[in-house]
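Undergrad: Whatever position you read off the sequence shown (first residue = 1), add 54 for my numbering.
Glycine included, each C-beta is placed from N, C-alpha and C at the ideal position.
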Amino acid sequence: MTIMTLTDELIRCGIKENSSIIHFGAGHKNGQFLVDMYNSFKSNSISPNYVGVEAEESKVKSTIDLLLKNEVPSVYQNITNISMQDYIVDNNHQYDHAIITGIFDKSLYGETQFQFIHSIINELFKFVNESVLFTYNSSDHQEETYNIHYMNGYVQSNYSRYSVVRINEHEYLYCINKYYLPYNNI
Numbered sequence: 055m056t057i058m059t060l061t062d063e064l065i066r067c068g069i070k071e072n073s074s075i076i077h078f079g080a081g082h083k084n085g086q087f088l089v090d091m092y093n094s095f096k097s098n099s100i101s102p103n104y105v106g107v108e109a110e111e112s113k114v115k116s117t118i119d120l121l122l123k124n125e126v127p128s129v130y131q132n133i134t135n136i137s138m139q140d141y142i143v144d145n146n147h148q149y150d151h152a153i154i155t156g157i158f159d160k161s162l163y164g165e166t167q168f169q170f171i172h173s174i175i176n177e178l179f180k181f182v183n184e185s186v187l188f189t190y191n192s193s194d195h196q197e198e199t200y201n202i203h204y205m206n207g208y209v210q211s212n213y214s215r216y217s218v219v220r221i222n223e224h225e226y227l228y229c230i231n232k233y234y235l236p237y238n239n240i
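What follows is the structure, encoded as structure tokens:
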């Protein structure tokens, strides 16, 4: 039996050769996520056009240090130190996929957390052509109103083209595909 990793699942969600990726939370797991992603993409002959965004300056430094130590190519070192919200407001590029790692793990906005997630995904779909992928770690928060059951219900009630994969006991990957409506404006 083959065990799928988080980065293997990213590929299964549609990331392929020359995909353009905007990644929010680029310092996730202190850079180890990026090292794992690079290794998985390399073993699958995938060379994406990558841009990383990380709000915490210390995580940017530790991530780049880890990438250099592991001889990860400079394309993955394209990490901007800015908040996700500021990047979304100032962005003028189109991407195939958006990856969000670690950001939705914590309930930063209390009762409006799902409104925050919904507004972020909707804003991303203004400049993302294929999918928004995000991680959710259910062990970080087991609040009554922000747990895996509510997250699944939120996704199911708001998006028609999605998949959810359990990576390990507490970690999930959500892949929300952009919905295309056939529309003729005559």
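Can the beta-carbon of Y104 be found less than 7 Å from the beta-carbon of V129?
TA: Counted from its first residue, the sequence shown places residue 104 at position 50. Counted from its first residue, the sequence shown places residue 129 at position 75. Yes, these two residues count as a Cβ contact at 7 Å.
Undergrad: On a Cα-Cα basis, can you pick out the residue from Y92, V182, E223 that is closest to I76?
TA: For the purposes of this step, residue 76 is taken as residue 22 along the sequence shown, with counting starting at 1. With distances taken between Cα atoms, I76 lies closest to V182.
Undergrad: Please classify G106: does DSSP put it in a helix, a strand, or coil?
TA: For the purposes of this step, residue 106 is taken as residue 52 along the sequence shown, with counting starting at 1. Three-state DSSP puts G106 in a strand.
Undergrad: How many angstroms separate the CA atom of F170 from the CA atom of N72?
TA: As a working note, residue 170 is residue 116 in the sequence shown. As a working note, residue 72 is residue 18 in the sequence shown. So the alpha carbons of these two residues sit roughly 30 Å apart.
Undergrad: Are there 16 or more other CB atoms within 10 angstroms of the CB of E125, so buried, or fewer, so exposed?
TA: Locating residue 125 in the sequence shown gives position 71, counting from the first residue. E125 comes out exposed.
Undergrad: Compare the C-alpha of H172 against each of A152, E110, Y208 and name the closest.
TA: Stepping through the sequence shown from its first residue, residue 172 is reached at position 118. Answer by Cα proximity: Y208.
Undergrad: Under the three-state reduction of DSSP, which class applies to L227: helix, strand or coil?
TA: Translated into positions along the sequence shown, residue 227 becomes position 173. Of the three classes helix, strand and coil, the one that applies to L227 here is strand, per DSSP.
Undergrad: Secondary structure at N239, three-state DSSP: helix, strand or coil?
TA: Within the sequence shown, numbered from 1, the residue matching residue 239 stands at position 185. At N239, the pLDDT of 41 sits below 50, so the modelled position is not reliable; the number obtained from the coordinates is stated separately. Of the three classes helix, strand and coil, the one that applies to N239 here is coil, per DSSP.
Undergrad: Consult DSSP for L162 and reduce its assignment to one of helix, strand or coil.
TA: The sequence position of residue 162 within the sequence shown is 108, counting from 1. Note: L162 maps to coil in three-state DSSP.
Undergrad: Please list the terminal residues of the continuous beta strand (DSSP E) segment that includes Y189.
TA: Taking the first residue of the sequence shown as 1, we reach residue 189 at position 135. With the sequence shown as reference, residue 189 is identified as Thr, and Tyr is not the correct amino acid for it. First-last of the beta strand (DSSP E) with T189: 182–191.
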